[in-house]
Structure formats: structure tokens, C-alpha cells
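K.L.:
This is the structure I want to talk about, given as C-alpha cells.
Numbering (our numbering), first residue to last: 11 to 467.
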């Protein structure tokens, strides 16, 4: 079979095709608000640095909009293409990611910035393979875990291959080094492993090994030990001119000043003083501090609410996905966005030790923005199997039909299709009565897909 034929076979949909309906409007609106809010804040936070570097206050904004356009195109494609088409390409995607993670370590290929070699130069732009690894890992584990069935609980066929593959990807990322991205990758994989039905003993074993490895990595480099020292030190040491923490914790000290200056309602959009070369990476990892200074606690709470809504709708899509592959994929991508947001916000507010990682959809563009939008397009596509159009137009049916549908023992197929038929076809969930029955079956583990439990949902 030639390459063209193989690709056609991998992209072919299974015979149990399900209809697509309206996308989740809550999810779409939340993404739109996050992206637009992020664009405004990137322009505000990057203006001083943009003027200093290029003499043009709009240069960062233009580059952000370019990456936003690339991400929007990826979002459009993945939101319209049936997500099950990506299942056959998951192994190929993972292999491509592993190659890129290896290439970034090659001298002359990888671009070294701020003491780390995490990027590959593509013309005037740089691409971060670790961001692509998050999507590739989610795709692969969704496809692989959905095929394991009861073998997932086996030590040899479940835990060992999972741990080896995760260790390989995380190890390549740590060689750059990038502890923040490695942590997010581990969280994505472990959450999917749990939802796929892994036993508690497996989770305890791999979680314990991961915790030991995390501590070893955190203490294995001097700059990481310094970050832990800053996190554990009292505030006055960060502002004491005689303290060695003044330089180590400079970014966190300036972030705290930004939050304190903003107060409840902020100094006003564009009025931040810390972004004028006091706060390092103001448009990137530290943009949440700029939000706190300009928009105050209200602006920070607004961002948190947006990510809470994103988590709600993303996990809702995962719970009601038509099959286990879609369920695991939506859960993995949603966990990725929420975990990365919490790590960024927790780090810059000194709630957890700081590690450099962008705030999804809000930090200055680049490959992180483009890949995140592309990934969320898949979640939107999965959500299109959850809101059937007929539910929204049920009022068109006559009163007698509605009464007949609700009468005991009478379930006209035009309004309430057979649950058994819908399960066998792998169709998306429809009508509320069927959805409730289906939800009860799913919570008790009765729903099956090819004879296997679908997920922990």
C-alpha cells in the first residue's frame, strides 16, 4: 500500500457515523472572550518592550495577531473535521513530536534563549516543540488508552508501556530544560490514564515515582533550587538590598508590587508602571501580574472565571462524548489548558514555586497560542455531538406527540430513539430523556464500547 492509500485508510471514518450538531456556544464564547481579552492585554503589556526593541509599539501586537491567525485557521479545521479522523494519525503525530523534541537539542538547529534551548527557528519565527508535544501526547494516549480495555489494569501491558512512553517524552523536554512543560505533559497523561480506568495501585505507583522524580529535578539544577528558596523565603528578603534573593526573585518581587499597586479595581487599562522594563516577561509568563495592576482583583477574578467556564464546558464535552476516544481526548485537552493556567497563575502569585510557562490564550502568541487554539477546535468538534438540533426545535411537534412520548410505555422513535440502537451505532447523545438514561448507565459503568467500559465518567 502506498503512502496515499495508507493516509486515506487512517483518515477514514468508522462505519458508525454520528451526526454533528450545533457546537457548544458556551465554549465558543469563552474561547472568543479569552482570545480577545488576551490580545488587548498583550498590546498593553508589550508596548514598552516593543518600543525599546524595534522602535514600533505595535510590533509585538502584529506578531501576536499573525500567530492568532494561524491558530484560528487550525481551530477552524479541527472544529469542522470529525475528530475521529485524527485517531489513525495519532502514532504518526507522536513520532513527529519525538523527532522535533530531539532536533531542538541539536546544536545549530535548536535556538537558545534565556538559558534554555527550547525552540526551532523557522524563518523569522520560532516554534516550541514542547507545545506540539502536548497535543501529540493527548492524541496518542486517547487512541492508545481507548484500545486497552481490561489490559490497562495489567502491570506489563498497561502501566509499563504507559510509563516508558511518558518518561521518554518528559525526558526529552527536560533536556531542554523545561520543567513547566514537562509538568503539564505529566498531568495530561496521568489524568487520561486515570479516566481510562487505571487502578488506584497503578496510580499510586506512578504518582509516587513521578513525585520523587519531580523533587530530584527541582533540586538538580541551581536555578531551580533558587526558585524554591525564593518561594520559601519571607517577603522582606526579596526587597532587602543586602539579600542575594534580590536578583534571584526580582521577577516575583516586581509581580507582587504590581498586584499591590492594582488593588481591588486596578490603575486602569494601559496604566501599569511595572511593565516599563521593571517586570521581566511582562507580556509572556508575567502577564497575569500586569492584569492585576491594570484591572485589579476584579480583572484577575474575571480571568479565573473564564477558565472555570472553560473547564466546565470542556469536561462536559468529555463526559458526553460519543465514544471513549473522544471522551479521553476532550478531557486531556481540557486538563492541559486548566493545569497550565493554574501553574502560571500560581507561580506569578507565589502560591506555588514559579516556573516559566505561558497563560493559555492570554500570554503573547507564538506556537503556544496556535497549538492551544488548534487543540480546542477538537474539543469544539467533540461537543458538536452533544446538542442535537431536534432538541432545540421540539416545539414544532404537536402536543399530542409530546404527550404520547411522555406516556408510560410509549416511546415514538421520532422523538425518543432506542437507547440500544443509539449505543450500538455510537451515535451522539440526543434528547434529554435518553441523555438522562445514558448518564445513569455511564456513571454505573454499564455503557460499553466494543465490550469495554468507556471511562470513569
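We put the CB at the ideal spot given by N, CA and C, even for glycine.
Ends of the alpha helix (DSSP H) at residue 127?
P.N.:
From DSSP, residue 127 is part of no alpha helix (DSSP H) but of the beta strand (DSSP E) over 126-132.
K.L.:
Return the Cβ separation of residue 117 and residue 285 in integer angstroms, given the expectation that the two are a contact with Cβ distance under 8 Å.
P.N.:
Between residue 117 and residue 285, the beta carbon gap of about 34 Å keeps them out of contact (Cβ cut-off 8 Å).
K.L.:
Throw me the rounded Cβ distance for the residue 140 and residue 183 pair, which I believe falls under 8 Å.
P.N.:
5 Å
K.L.:
Take the Cβ of residue 66 as the centre, count every other Cβ of all protein chains shown within 10 Å, and call the residue buried at 16 or more, exposed below.
P.N.:
exposed
K.L.:
Who does residue 123 pair with in a DSSP beta bridge?
P.N.:
126
K.L.:
For chain B, check one thing: does any of its Cβ atoms lie closer than 8 Å to the Cβ of residue 89?
P.N.:
Of the protein chains in the structure, only one exists, and it is not chain B.
K.L.:
Do you know offhand how far residue 272's Cα is from residue 308's?
P.N.:
10 Å
K.L.:
Would you decide whether residue 50 is buried or exposed? Buried here means 16 or more other CB atoms lie within 10 Å of its CB.
P.N.:
exposed
K.L.:
Give the range of the alpha helix (DSSP H) segment to which residue 300 is assigned.
P.N.:
297-329
K.L.:
Would you report the Cα separation of residue 270 and residue 302, rounded to the nearest angstrom?
P.N.:
8 Å
K.L.:
Buried or exposed: which applies to residue 144, given that a residue is buried once 16 or more other Cβ atoms fall within 10 Å of its Cβ?
P.N.:
buried
K.L.:
DSSP three-state call for residue 268: helix, strand or coil?
P.N.:
In this structure, residue 268 counts as helix in the three-state DSSP scheme.
K.L.:
If I measure Cβ to Cβ from residue 219 and keep anything under 8 Å in the same chain, skipping five residues before and after, which residues do I get?
P.N.:
Its chain contains 173 as the residues whose beta carbon lies nearer than 8 Å to that of residue 219, once the 5 sequence neighbours on both sides are disregarded; these appear in chain order.
K.L.:
Is residue 147 helix, strand or coil by DSSP?
P.N.:
helix
K.L.:
So residue 335 is in the beta strand (DSSP E); what residue range does that whole segment cover?
P.N.:
For residue 335, there is no enclosing beta strand (DSSP E); the residue is found in the alpha helix (DSSP H) stretching over 334-358.
K.L.:
May I ask you to verify whether the stretch 146-157 touches the stretch 100-107, counting CB pairs closer than 8 Å and requiring at least 3?
P.N.:
yes
K.L.:
With residue 389 and residue 344 assumed to form a contact (beta carbons below 8 Å), what rounded beta-carbon distance in angstroms separates them?
P.N.:
Sure, about 7 Å apart at Cβ, within 8 Å.
K.L.:
In whole angstroms, what separates the C-alpha of residue 214 from that of residue 221?
P.N.:
10 Å
K.L.:
If contacts are defined as beta-carbon pairs under 8 Å, then residue 188 and residue 112 qualify, I think. What distance do you get, rounded to the angstrom?
P.N.:
Contact doesn't hold; Cβ gap of about 14 Å is too wide.
K.L.:
Which runs of the alpha helix (DSSP H) fall wholly inside the stretch 60-132 and span at least 4 residues, in chain order?
P.N.:
69-90 and 100-113
K.L.:
Residues in the same chain with beta-carbon distance under 6 Å from residue 327, minus the five sequence neighbours each way, listed in chain order, please.
P.N.:
340, 389, 392 and 393
K.L.:
Thinking just about the alpha-carbon of each residue, which of 295, 348, 386 and 320 is nearest to the one in residue 124?
P.N.:
Here the closest residue by C-alpha is 295.
K.L.:
Could you work out which residue in 132, 290, 52 and 278 is closest to residue 258 when comparing CA atoms only?
P.N.:
290
K.L.:
Here's the rule: buried if 16 or more other CB atoms are within 10 angstroms of the residue's CB, otherwise exposed. What is residue 178?
P.N.:
Exposed: under 16 other Cβ atoms inside 10 Å.
K.L.:
Looking only at its chain, what residues have a beta carbon closer than 6 Å to the beta carbon of residue 48, apart from the 5 residues adjacent to it on each side?
P.N.:
371 and 372
K.L.:
What residues are listed by DSSP as bridge partners for residue 136?
P.N.:
131
K.L.:
Do residue 324 and residue 41 have their CB atoms nearer than 8 Å?
P.N.:
In terms of Cβ geometry, residue 324 and residue 41 do not form a close pair [threshold 8 Å].
K.L.:
Would you call the stretch 154-172 and the stretch 187-204 touching, i.e. three or more CB-CB distances under 8 Å?
P.N.:
yes
K.L.:
DSSP state of residue 188, grouped into three classes?
P.N.:
coil
K.L.:
Check this for me: beta carbons of residue 114 and residue 186, under 8 Å apart or not?
P.N.:
yes
K.L.:
Quick check: the Cα distance between residue 320 and residue 347, rounded to an integer number of angstroms?
P.N.:
9 Å
K.L.:
Please return the same chain residues whose Cβ sits closer than 6 Å to the Cβ of residue 74, not counting the five positions on each side in sequence.
P.N.:
52, 374 and 375
K.L.:
Within 10 angstroms of the Cβ of residue 134, are there 16 or more other Cβ atoms? Answer buried if so, exposed if not.
P.N.:
exposed
K.L.:
How far does the alpha helix (DSSP H) with residue 468 in it extend, from its first residue to its last?
P.N.:
This structure leaves residue 468 out entirely; the chain is present only between 11 and 467.
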